[in-house]
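There are 2 protein chains.
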Amino acid sequence: MHSSPPALERLVQELSKLPGIGRKTAGRLAFFLLSGDREKMESLASAIVEAKDKIVHCNCCYGFSETEICQICDDPRRTKDVICVVERASDILPFENSGIHKGLYFVLGGVLSPLDGIKPETLHIPTLIERIEKENVKELILALGSSPEAESTALYIDRILANTPVHRTRLARGIPVGSDLEFIDDITMLRAFEERVKI
Amino acid sequence: MHSSPPALERLVQELSKLPGIGRKTAGRLAFFLLSGDREKMESLASAIVEAKDKIVHCNCCYGFSETEICQICDDPRRTKDVICVVERASDILPFENSGIHKGLYFVLGGVLSPLDGIKPETLHIPTLIERIEKENVKELILALGSSPEAESTALYIDRILANTPVHRTRLARGIPVGSDLEFIDDITMLRAFEERVKI
Chain X
0 MHSSPPALER LVQELSKLPG IGRKTAGRLA FFLLSGDREK MESLASAIVE AKDKIVHCNC
60 CYGFSETEIC QICDDPRRTK DVICVVERAS DILPFENSGI HKGLYFVLGG VLSPLDGIKP
120 ETLHIPTLIE RIEKENVKEL ILALGSSPEA ESTALYIDRI LANTPVHRTR LARGIPVGSD
180 LEFIDDITML RAFEERVKI
Chain R
0 MHSSPPALER LVQELSKLPG IGRKTAGRLA FFLLSGDREK MESLASAIVE AKDKIVHCNC
60 CYGFSETEIC QICDDPRRTK DVICVVERAS DILPFENSGI HKGLYFVLGG VLSPLDGIKP
120 ETLHIPTLIE RIEKENVKEL ILALGSSPEA ESTALYIDRI LANTPVHRTR LARGIPVGSD
180 LEFIDDITML RAFEERVKI
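Sequence lines, in order, name chains X and R.
Each step along the first sequence adds one to the number in numbering that gives the first Met the number 0, with nothing skipped, and position 118 is 117.
Each step along the second sequence adds one to the number in numbering that gives the first Met the number 0, with nothing skipped, and position 110 is 109.
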């Protein structure tokens with residue numbers, strides 16, 4: 000688009016850096032932003048700048064926060080002895096949306112991958128172990144993904160805590176609620192069958 | 000998501016106002032922006048602000064521009080007597096991408112819709128007619144959509160110019176290049192059949 004204004008071209012380029020946004024979608028978003036009143040552009044830009052300036056990582060769980068200690072870690076109503084371990088800060092969201100977890104979180108920052116140079120020290124694993132030793136943690140829910148790396152990370156943490164009284168659990172695997180059986184992949188079916196429960 | 004930082008919540012809300020971006024995708028985009036280095040947020044925000052401040056409508060064709068007269072209208076190499084009439088400023092893009100149109104553009108700003116109160120004066124139709132009368136326009140390519148409103152808008156402009164020497168044309172309708180015939184909708188097939196051309 001050699002004849003488009005440079006500022007428009009730059010906006011399209013910046014938008015197309017977002018995940019899942021190709022050049023065409025970026026163009027559509029740019030035109031949407033330009034077509035209405037200019038206030039919505041102002042308010043989107045300021046929301047981005049505000050998030051950039053205000054949001055940091057919680058010093059306790061490494062989740063997103065606007066304060067040194069996040070609202071979850073700081074909430075006296077939450078049980079302190081159940082910690083849900085996740086890969087990324089964004090993984091906290093689905094738990095909070097469901098409201099099922101009343102305890103705290105801990106963000107690892109990734110999963111172990113020796114070939115990529117990601118060792119326990121690269122992640123927050125030493126801090127997690129330290130926290131478990133200091134605090135009276137009863138249960139650690141290892142809510143990591145199902146990739147081989149995630150599974151071996153869970154296994155690694157499980158082994159470190161083998162001689163402690165801390166319960167290590169993981170989320171149930173099985174058929175998603177409301178799913179049609181014919182659309183279930185083989186591995187999920189295998190897991191759901193193996194881990195079947197008594198009615 | 001009652002426990003997420005307000006700045007994050009606001010960013011998700013602003014992003015979900017974009018077309019085709021639901022709450023889940025907005026959350027994903029927000030987490031993407033927050034996860035890497037903060038420079039990319041700065042540069043996206045500044046691209047939005049820059050576009051907001053710099054981009055205006057061309058005084059001649061009503062397309063997007065950073066100057067009073069856009070680069071296309073101002074380009075001496077473009078033929079001035081062929082004008083391609085489009086609904087929205089964003090419709091100029093596919094023509095420019097293909098590079099096929101060597102003339103100028105004119106953005107109507109919409110299509111006639113008497114029921115919604117959109118009359119010729121609401122759009123830029125009087126300005127278009129004035130421009131045709133003043134300049135020596137040879138051909139007007141009415142590249143409007145195929146909705147009933149768009150078709151009647153094209154017909155309306157066609158009738159106004161009935162007694163002038165201006166050629167009125169429209170884009171060919173037919174099977175898109177590379178499309179499989181089995182995926183063609185009935186109306187496109189009807190048009191493609193009716194407007195078939197000699198080999």
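Even glycine gets a Cβ: it sits at the ideal position worked out from N, Cα and C.
Everything numeric in this text was worked out from a predicted model, so none of it was measured.
Starting from residue i, trace the beta strand (DSSP E) both ways and give me its first and last residue.
i: Leu103(R); result: 103 to 106
i: Glu138(R); result: 138 to 141
i: Ile198(X); result: Run containing Ile198(X): none; DSSP gives neither H nor E here.
Once you ignore the five residues that flank residue i on each side, which residues in its own chain have a CB closer than 7 Å to its CB?
i: Met87(X); result: In the sequence as displayed, the identity of residue 87(X) is Arg instead of Met. Hits under 7 Å: Val106.
i: Ile128(X); result: Ile159
i: Arg190(X); result: Arg172, Gly173
i: Ile183(R); result: Ile174
i: Glu150(R); result: none
Could you check where the alpha helix (DSSP H) with residue i kicks off and where it finishes?
i: Val48(R); result: 38 to 53
i: Thr152(X); result: 147 to 159
i: Lys23(X); result: 22 to 34
i: Glu181(R); result: Counting along the chain, Glu181(R) falls outside any alpha helix (DSSP H), and DSSP gives it neither H nor E.
i: Lys133(X); result: 124 to 133
i: Ser97(R); result: 91 to 97
i: Cys17(X); result: In the sequence as presented, Cys is not what sits at residue 17(X); that position holds Leu. Premise fails: Leu17(X) is in no alpha helix (DSSP H) and is neither H nor E.
Considering only residues of the same chain and omitting the five flanking positions on each side of residue i, which have a CB-CB separation below 6 Å?
i: Phe94(X); result: His100
i: Met0(X); result: Low confidence applies to Met0(X): its pLDDT is 44, below 50, so where it sits in the model is not reliable, and the reading given next is rough at best. Taken in chain order, the list of residues that qualify is empty.
i: Ile200(X); result: Nothing about residue 200(X) can be reported from this structure: the residues present for chain X run from 0 to 198 only.
i: His166(R); result: Glu138
i: Asp115(R); result: none
i: Arg22(R); result: Ser15
i: Pro75(X); result: none
i: Cys59(R); result: Ile68, Cys72
i: Thr163(X); result: none
i: Thr121(R); result: none
i: Ser178(R); result: none
On the DSSP bridge assignment, give the partners of residue i in chain order.
i: Val81(X); result: Glu138(X)
i: Ile117(R); result: Ser112(R)
i: Thr66(R); result: Answer is none; Thr66(R) lacks a bridge partner.
i: Thr168(R); result: Ile140(R)
i: His56(R); result: Phe63(R)
Using a Cβ-Cβ cut-off of 8 Å (strictly less than) and excluding sequence neighbours within five positions of residue i, which residues of its own chain qualify?
i: Lys118(X); result: Leu111
i: Asp185(R); result: none
i: Glu134(X); result: Lys79, Asp80
i: Pro147(X); result: none
i: Leu32(R); result: Leu10, Lys39, Met40, Leu43
i: Asp157(R); result: Leu141, Arg167
i: Gln70(R); result: Ser64
i: Ile54(X); result: Phe63, Ser64, Glu65
For residue i, verify whether its CB is less than 8 Å away from any heavy atom of the ligand NAD.
i: Asp90(X); result: By its list of ligands, the structure shown contains no ligand whatsoever, and the ligand NAD lies outside what it can speak to.
Item to check | Residues in the segment 24 to 47 of chain R having any Cβ partner in chain X nearer than 8 Å | outcome: Taking 8 Å as the Cβ-Cβ cut-off against chain X, the residues of the segment 24 to 47 of chain R that qualify are Thr24, Gly26, Arg27, Leu28, Ala29, Phe30, Phe31, Leu32, Leu33, Ser34, Arg37, Lys39, Met40, Glu41, Ser42, Leu43, Ala44, Ser45, Ala46, Ile47.
Checklist entry - If you measure beta-carbon to beta-carbon, which residues of the segment 86 to 110 of chain X are closer than 9 Å to chain R? => result Arg87, Ala88, Ser89, Ile91, Leu92, Glu95, Asn96, Gly98
Checklist entry - Pairing CB atoms from the segment 73 to 93 of chain R with CB atoms from the segment 26 to 37 of chain X, are three or more of them under 8 Å? => result yes
Next on the checklist: Please list, in chain order, the residues of the segment 5 to 18 of chain R that have any C-beta partner in chain X closer than 8 Å.
Outcome noted: Pro5, Ala6, Leu7, Arg9, Leu10, Gln12, Glu13, Leu14, Lys16, Leu17, Pro18
Checklist entry - Mind listing which residues of the segment 136 to 159 of chain R have their C-beta closer than 8 Å to chain X's C-betas, in chain order? => result none
Checklist entry - Does the segment 2 to 9 of chain R come close enough to the segment 45 to 52 of chain X that 3 or more CB-CB pairs lie under 8 Å? => result yes
Checklist entry - Per the contact definition of three or more C-beta pairs closer than 8 Å, is the segment 33 to 45 of chain R in contact with the segment 66 to 86 of chain X? => result no
Checklist entry - Name the residues in the segment 109 to 125 of chain X whose C-beta lies less than 7 Å from a C-beta of chain R; which are they? => result none
Next on the checklist: Along the segment 44 to 77 of chain X, where does the CB come closer than 7 Å to a CB of chain R? Name the residues.
Outcome noted: Ala44, Ala46, Ile47, Val48, Glu49, Ala50, Lys51, Lys53, Ile54, Phe63, Ser64, Glu65, Gln70, Ile71
Item to check | Contacting positions in the segment 166 to 183 of chain R - beta carbon closer than 7 Å to chain X | outcome: none
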